[in-house]
Each structure stands twice: as C-alpha cells, then as structure tokens.
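Notes follow the structure.
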Amino acid sequence: MKKLFLTLSFLFTIVIQSIAQDSINRDSLSFSTTLGAMAYSSDFAPFFLVHNRWGEINDEQTVFSAGELAYTYNINDDWNFESGFSFRNEVFSSYYAAANYDILYLRLGAYKEQLGGLTSDIGVVSYGLGRNARPVPMIELGMSNYIDVPFTYGYVQFKAHIGQRWLEKDRYISQARVHSKDVFVRINLEREIGLKVSSGLIHFAQYGGTDPMGNQQPSGFDDFMKVFFGQGIPNELGGTAGESNAVGNHLGMIEIGFEKNLGDHKLNLDYQSPFEDQGSMQMISLKNYLLAFQWLLPKESKLIKEVMVEFTKSKRQSGPGLPDPAPHFPDEASNFGREFGGRDDYHNNYLYRSGYSYHGMSMGNALFLTYDWTQNFLEPYPSYNALFSNNRIVALVLGLKGEFSNLIEYRFQLVSSKNFGTYAGLYQGRFNWGGVAIDPNYDYVFLGGKRQYYSLLDILYHRPFGGLPINFIAKFAFDTGQLYTNAGLELGVEFMLK
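All you need for my numbering is the position in the sequence shown, starting with 1, plus 218.
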C-alpha cells in the first residue's frame with residue numbers, strides 16, 4: 219500500500235511539473251534538508267526528542283539526515299494542486315498528492331494533518347489526530363474551512379470531512395483500516411462582538427484486517443456501514459455500553475471551541491471530551507477532558523508571540539466497573555456494586571490490541587505511554603495485551619513561542635504529568651477484579667500515580683551566514699520525576715532551496 223501511494227504521488231508530481239513548464243508564476247517549489255546528530259544521558263532519548271514529531275524519530279538515530287519537499291501548482295484563484303514528501307533517514311513520514319478547490323480538498327497519501335484541537339506546534343495533548351505518530355496512508359475528502367449555511371446571513375457555518383486510512387502490516391490485527399469523519403458547526407458573531415463559537419464531533423473506527431490466526435475481520439460494505447453508524451452485535455450476556463456495542467474499535471471526541479479577538483490579540487479556548495464507545499460519549503464531562511487555552515499576540519510582539527496552556531484528565535474513564543458482564547462477573551453484585559460500562563481504556567482495545575497507534579506511536583494523546591516506551595526505565599511488568607500501559611493521567615502543559623532576536627526563534631514546552639497506569643494494571647486485567655481490589659498492598663508500578671516532568675527548548679537560528687540559505691537548529695530536552703531522569707540534545711544544520 220505504501221509503495222502504491224508513493225508511486226501515485228510521484229507520478230502526480232511529474233505530471234503537474236510538466237504542465238507547469240508552460241506556465242508563468244503558477245507553481246512554487248520548496249525543499250529543505252537537515253544534517254544532524256542526537257545525544258542523551260540515558261540509553262534512550264528524552265520524551266520531546268521522540269514524541270510529537272510525526273513518528274520520524276527513534277533512539278537509534280544518533281546521526282540523521284532529513285528533508286522535506288513541497289510543490290504547489292495554481293490553475294486559477296480557486297483550483298490548485300499539491301504534492302510532496304518528507305523523510306528522516308530511511309523513514310518517509312509523508313508522501314502525498316492533493317487537489318484543492320476553494321475550501322474543498324481531496325488528499326491521497328500520507329499527509330501531515332491534525333484533526334481536532336488548536337492549530338499550534340507547542341500543543342501536546344489531542345484526543346483526535348495529533349502530531350505524535352507518522353501520518354497514515356489515506357484518501358480523504360473534506361473542507362479546509364467553514365462555509366456559510368444558506369439563509370443564515372453568515373451567522374451559522376459548518377465544515378466536515380470523511381476519510382479512510384490503511385494501517386501497517388506489522389501489528390496485532392494486520393493491515394486494519396481506519397474510518398474517520400467529523401462535522402462541526404460554528405456560530406459566527408465576529409462582526410458584532412469578535413466572537414466565534416463552534417462545536418463538533420470527530421469519530422474514528424478501526425475495522426477489518428487479519429488476526430494472528432489468519433481470520434479476516436469484517437470489512438465488507440455492510441460492515442463498513444455498521445462502522446459508519448457505530449452499529450454492531452450486542453454482548454450475549456447483555457452488555458451494551460462497553461467493548462461489544464459496535465463492529466471495530468470506535469473512539470473519538472466531542473469538541474467545543476471559542477475564538478475571541480481583542481484588538482490585535484486573539485484568544486482561543488478548546489474543550490475536548492473523549493470517548494471510546496457509545497456508552498462513554500458525553501457532551502460535557504469534568505472527569506475526562508482536555509481544556510486548552512491559546513493566546514496569540516500581535517505581530518509586532520517579539521519575545522512572546524504565542525502562549526498555550528493545556529490541562530487534561532483521563533483518570534476516571536467511566537469508572538472502575540467492568541466494561542461488560544463476564545462469565546465470572548455476570549451482575550452488578552459480582553461487579554463490586556459498580557455499573558457496567560466502565561474501564562474505557564483510552565487508545566486500547568481488546569481485539570485491536572495495537573490500539574490507536576501507527577508504527578507503535580499514539581495517533582492521539584502523546585502523553586499516553588506505551589508498554590515498550592516504559593520498558594526504557596521500568597522493570598518488566600504485565601501488559602495485559604495492551605499497547606498503552608499508561609492512559610490514566612492528570613497533566614498540565616505550558617507552551618511558549620517567540621523570538622530572542624530577528625534571527626533567533628524559540629519554542630518552549632513543559633509538561634507535568636501524574637501517571638496512574640491503566641485499570642487493567644490496577645486490577646490484574648481489564649475484565650477482572652484482582653490487584654488492589656483484593657490486596658491493598660498490591661505492588662503496581664503506577665500505584666498512587668507517578669509524577670513526571672518533560673521539557674523542551676527548541677531554537678532556530680535563521681541564516682547565521684548572512685545571505686546563505688542555511689539555518690542552525692538546536693533542541694534541548696530534559697525529563698525528571700518519579701519514573702526516570704534523562705537529558706538530551708539534538709543539533710542540526712538545515713539547507714533550504716525555495
């Protein structure tokens with residue numbers, strides 16, 4: 219599948235370039251390449267040298283070369299075509315071709331995009347599609363901006379998208395598919411009071427693929443329609459709120475946003491309420507949510523141009539009750555008096571055990587730690603067949619962005635995260651009542667919550683040699699807390715061609 223997307227993207231670029239040879243000022247081409255090295259004090263890289271970087275980085279890349287190419291051909295004021303790619307060492311993180319008409323787009327390939335959340339490179343948390351994992355090969359049709367609803371005089375607007383992605387072969391359910399869609403509605407009061415209020419739903423569903431026994435999971439057209447509408451076959455024991463309520467692995471979020479202009483300042487407030495099944499969908503939740511605040515300062519501001527604060531809680535996850543009735547726990551009495559429909563287990567799934575990930579990296583919340591990542595600093599412990607062994611967190615994120623001078627830009631991020639692991643780890647299985655339920659002294663690696671800090675200072679020095687198109691890049695990362703302490707550095711020289 220990757221080879222097909224690469225081939226189509228390459229052919230698309232060649233065709234457009236051949237057309238552009240007869241055109242004047244209709245096309246643009248940019249290319250940059252970076253040579254660099256990484257070093258760190260432990261056997262693995264600190265958090266921000268790996269995470270939220272489009273899945274391009276691993277601990278073995280102590281020396282690297284990276285590059286990015288983007289080509290655009292404008293037919294007229296409405297139509298344009300795009301193609302490009304990016305890589306780091308042997309990893310091609312993106313390769314794509316796109317056709318755009320006004321606000322409509324059609325994309326083919328692995329494209330770097332975010333679905334949901336505020337547009338910023340100093341944000342960390344997302345319950346939609348974030349910047350943590352490598353872009354997944356896809357075909358996607360959508361709207362890049364809002365459009366007015368007829369007869370509402372511009373006060374009511376909407377946008378939407380629908381897409382299909384194909385995951386990698388090397389995962390528990392091989393070559394599974396991901397259906398995605400969203401729809402947002404916005405109330406536009408910018409002319410009156412400088413305010414825009416939006417709300418929408420983003421839905422992802424993993425389905426299809428082949429399990430380790432060679433069994434093909436449902437992937438026909440009828441199955442796709444069930445996936446699209448979140449339908450499925452109920453649990454024979456009567457559960458409808460947990461794992462058994464739909465074909466595939468369904469997750470997503472409900473999002474509410476506020477945009478306010480105060481003179482030349484722009485304030486954004488974003489609220490996300492994540493869900494893992496129909497039973498956990500809530501418009502407003504103060505138990506599992508992300509609240510993000512962004513302050514964009516006027517263009518003439520130098521030292522600080524952008525401030526971002528994020529606070530997220532995912533500790534509750536519909537409570538400690540079992541997801542559905544099980545043979546040994548068929549009723550609420552055996553479920554320790556709890557209602558069924560709990561232990562949502564964000565980004566994990568009992569069947570799609572590789573979870574909401576691509577090449578081992580979270581496609582959503584970068585602060586959810588995988589079992590493999592924790593093995594860098596913890597002794598082996600039961601994973602309970604789940605990729606993410608820490609998805610119950612309470613975290614605060616601070617991000618700053620600005621300029622030290624006309625030539626030097628910086629980006630700073632600081633995270634304080636208290637990590638509680640998973641319900642499966644706490645109770646010796648997601649569908650079990652062991653662990654701390656029967657032994658208050660049960661030794662669980664995340665018992666009581668482990669506080670950890672991650673930080674990054676990213677500096678870009680533009681053209682230190684005057685007119686030469688060369689930039690210097692330096693990233694300083696430091697992590698410390700109850701899990702581990704680690705420091706790291708990445709240095710690079712970027713060569714640009716535009």
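Built from N, CA and C at the ideal position, the CB exists for glycine as well. The structure displayed is predicted, hence computed values, not measured ones.
Legend entry - In chain order, each alpha helix (DSSP H) run of at least 4 residues that lies wholly inside the segment 563-640: Here the runs fully enclosed are 589-592.
Exercise. What separation, rounded to the nearest whole angstrom, lies between the Cα atoms of Val354 and Ala328?
Worked result: About 5 Å.
**Request:** Decide if Glu278 is buried, meaning its Cβ has at least 16 other Cβ atoms within 10 Å, or exposed.
**Result:** Exposed, since its Cβ has fewer than 16 Cβ neighbours within 10 Å.
field: Span of the beta strand (DSSP E), counted from its first residue to its last, around Phe683
entry: That residue, Phe683, is in no beta strand (DSSP E); it is neither H nor E in DSSP.
Span separating the alpha-carbon of Gly578 from that of Gly273 | Spanning the alpha carbons of Gly578 and Gly273 requires a straight line of approximately 9 Å.
Q: Have a look at Ala432 and Ser392 and give me their C-alpha separation to the nearest angstrom.
A: Position check: residue 432 holds Gly in this sequence, whereas Ala was assumed. Rounded to the nearest angstrom, the two C-alpha atoms are 9 Å apart.
Just verifying my parser: in three-state terms, what is the DSSP assignment at Ser259? Note: Ser259 maps to coil in three-state DSSP.
query = When the Cα atoms are used, what is the spatial distance from Gly667 to Ser623?
reply = So the alpha carbons of these two residues sit roughly 41 Å apart.
Where does Val465 sit, in a helix, a strand or coil, going by DSSP? Val465 falls in the coil class under three-state DSSP.
- Message: If you follow the alpha helix (DSSP H) that Ile688 is in, where does it begin and where does it stop?
- Response: Counting along the chain, Ile688 falls outside any alpha helix (DSSP H), though it belongs to the beta strand (DSSP E) covering 688-699.
**Asked** Which residues does DSSP pair with Phe316 in a beta bridge?
**Response** For the sequence presented, residue 316 should be read as Ala rather than Phe. In DSSP, Ala316 forms a bridge with Glu300, Arg325.
Simplified DSSP assignment, three categories, for Gln670: Here Gln670 carries a strand assignment [DSSP, helix/strand/coil].
For Ala423, which residues of its own chain have a beta-carbon under 6 Å away from its beta-carbon, when the five flanking residues on both sides are left out? Leaving aside the five residues that flank Ala423 on each side, the residues in its chain whose CB is nearer than 6 Å to its CB run, in chain order, His397, Val445, Gly466, His468.
Please report how far the alpha carbon of Leu675 lies from the alpha carbon of Arg571, in whole angstroms. The C-alpha of Arg571 is placed about 34 Å away from the C-alpha of Leu675.
(Q) Short of 8 Å in beta carbon distance, which residues of its chain neighbour Val711, apart from the five on each side in sequence? Order them along the chain. (A) Only Thr252, Leu253, Gly254, Ile688, Asn689, Phe690, Ile691 meet the Cβ criterion.
Practice item. Would you decide whether His421 is buried or exposed? Buried here means 16 or more other CB atoms lie within 10 Å of its CB. Key: Residue environment analysis places His421 among the buried positions, since at least 16 neighbouring C-beta atoms fall within 10 angstroms of its C-beta.
task: Would you kindly report the start and end of the unbroken alpha helix (DSSP H) that includes Glu528?
output: Premise fails: Glu528 lies in the beta strand (DSSP E), 524-531, not in any alpha helix (DSSP H).
Could I get the ranges of all uninterrupted beta strand (DSSP E) runs contained in the segment 380-405, with 3 residues as the minimum, in chain order? Counting whole runs of 3 or more residues, the segment 380-405 contains no beta strand (DSSP E) stretch at all.
**Message:** If you reduce the DSSP assignment to three classes, tell me which class Asp676 lands in.
**Reply:** Correct three-state label for Asp676: strand.
Cutoff 6 Å; reference Lys523; Cβ partners in own chain excluding five residues on either side
Around Lys523: Leu515, Lys619, Gly620.
| DSSP three-state assignment for Lys330, whether helix, strand or coil | Lys330 falls in the coil class under three-state DSSP.
Next item on the list: Under the assumption that Gly739 contacts Tyr645 (Cβ atoms under 8 Å), give the Cβ distance between them as a whole number of angstroms.
Entry: The structure shown does not extend to residue 739, since the chain is modelled only from 219 through 716, so no value can be given for it.
- Query: Using a Cβ-Cβ cut-off of 7 Å (strictly less than) and excluding sequence neighbours within five positions of Gly456, which residues of its own chain qualify?
  - Reply: With a pLDDT of 43 at Gly456, under the threshold of 50, the modelled position of that residue is not reliable, and the figure given next carries that caveat. Cβ contact annotation for Gly456 (same chain, cutoff 7 Å, sequence separation greater than five): Pro543, in chain order.
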